[in-house]
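Read the structure below first, then the notes.
Residue numbers (my numbering): 9 to 268.
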């Protein structure tokens with residue numbers, strides 16, 4: 009009986025020791041599980057930085073950098089493509105964590121470092137205007153702006169200096185094909201120029217062989233940021249730090265995929 013009790017106690021001690029080792033191993037083991045709640049990001053289409061490809065997958069220079077940063081902190085990301093104003097509203101109302109392509113006029117907190125830059129330039133009809141000199145000869149040029157974006161004051165000052173008559177319309181596009189229709193207004197002579205992002209416009213002009221010319225002189229450059237609401241500052245700090253810590257070769261590799 010005594011021997012049986014001794015064996016039972018020994019067995020019990022071995023079991024406890026084994027459990028202790030197991031728990032210690034789990035404690036020392038790095039956490040590889042993905043956080044159950046994904047980071048949510050909203051964007052409007054803006055090649056080469058953010059778009060939905062033909063397979064319905066979010067892609068682009070900025071999108072891929074965010075994916076890589078989130079992965080490094082064991083987070084997944086869900087991207088939603090919407091018109092710009094809806095992205096801003098969703099972040100303010102708390103249904104989305106971040107909005108891409110935000111500047112200081114949009115009423116959100118922003119990351120410290122600029123993610124992209126809005127290179128505003130004037131697009132004109134290649135058949136009507138050969139260069140900036142031809143454009144400058146127009147006394148009151150009709151220049152089209154987007155209804156969606158609150159342009160910086162510097163843009164309006166330059167438009168005023170040109171004595172421009174402003175025409176407003178939505179710039180929102182659901183796919184690249186819509187860009188052809190968008191630029192077709194130049195052929196109708198209803199406007200003399202369209203204020204556009206230079207990188208996006210050049211890509212569309214080349215892709216569809218459009219009779220559109222980008223005037224050489226850039227009109228205005230405005231840094232763009234990732235925006236968030238103040239109550240989400242902790243997550244924003246984590247994601248921003250993860251993006252800043254991405255290895256330089258990885259960043260260059262991602263950017264190299266989207267050089268147009």
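Even glycine gets a Cβ: it sits at the ideal position worked out from N, Cα and C.
Across which residues does DSSP place residue i in a beta bridge pair?
i	result
residue 269	Residue coverage of the chain in this structure runs from 9 to 268, which leaves residue 269 outside it and unanswerable.
residue 130	203
residue 220	133
residue 321	Limits of the chain in this structure are 9 at one end and 268 at the other, which puts residue 321 out of reach.
residue 236	117
Starting from residue i, follow the beta strand (DSSP E) in both directions and report where the run begins and ends.
i	result
residue 86	85–89
residue 108	106–110
residue 143	Run containing residue 143: none in the beta strand (DSSP E); it sits in the alpha helix (DSSP H), 140–144.
residue 150	150–154
residue 51	47–51
Could you please give the first and the last residue of the uninterrupted alpha helix (DSSP H) stretch that includes residue i?
i	result
residue 241	241–252
residue 190	185–191
residue 94	92–101
residue 198	From DSSP, residue 198 is part of no alpha helix (DSSP H); its letter is neither H nor E.
residue 168	161–169
With H, G and I counted as helix, E and B as strand and the rest as coil, what does DSSP make of residue i?
i	result
residue 174	strand
residue 209	helix
residue 117	strand
residue 29	Residue placement at residue 29 cannot be trusted, given a pLDDT of 38 that sits under 50; what the coordinates show is reported in the next sentence. Correct three-state label for residue 29: helix.
residue 267	coil
How big is the Cα-Cα spacing for residue i and residue j?
i	j	result
residue 104	residue 137	44 angstroms
residue 255	residue 192	42 angstroms
residue 261	residue 267	11 angstroms
residue 32	residue 44	Residue placement at residue 32 is poorly supported in this model, since its pLDDT is 38, which falls under 50; the coordinates are not used for a value here.
residue 108	residue 50	6 angstroms
residue 246	residue 239	14 angstroms
residue 69	residue 196	34 angstroms
residue 258	residue 106	23 angstroms
residue 47	residue 248	13 angstroms
residue 169	residue 135	25 angstroms
residue 100	residue 132	36 angstroms
residue 183	residue 42	32 angstroms
Quick check: is the beta carbon of residue i nearer than 7 angstroms to any beta carbon in chain B?
i	result
residue 99	Although the question refers to chain B, the structure presented lacks it and comprises just one protein chain.
Query raised in the report: Taking three-plus beta-carbon pairs below 8 angstroms as touching, is the segment 226–233 in contact with the segment 58–65?
Result: no
**Report entry** the segment 71–82 touching the segment 238–256, judged by at least three CB pairs closer than 8 angstroms
**Finding:** yes
Query - the segment 212–226 / the segment 122–132 touching (three or more Cβ pairs under 8 angstroms) - result: yes
Query raised in the report: At a cut of 8 angstroms, does the segment 179–195 reach the segment 113–121 through at least three beta carbon pairs?
Result: no
Query raised in the report: Between the segment 140–152 and the segment 76–95, are three or more C-beta pairs nearer than 8 angstroms?
Result: no
Report task. Kindly confirm or deny that the segment 42–57 and the segment 205–224 touch, where touching means at least three C-beta pairs closer than 8 angstroms. Result -> yes
Report task. Kindly confirm or deny that the segment 145–162 and the segment 232–250 touch, where touching means at least three C-beta pairs closer than 8 angstroms. Result -> no
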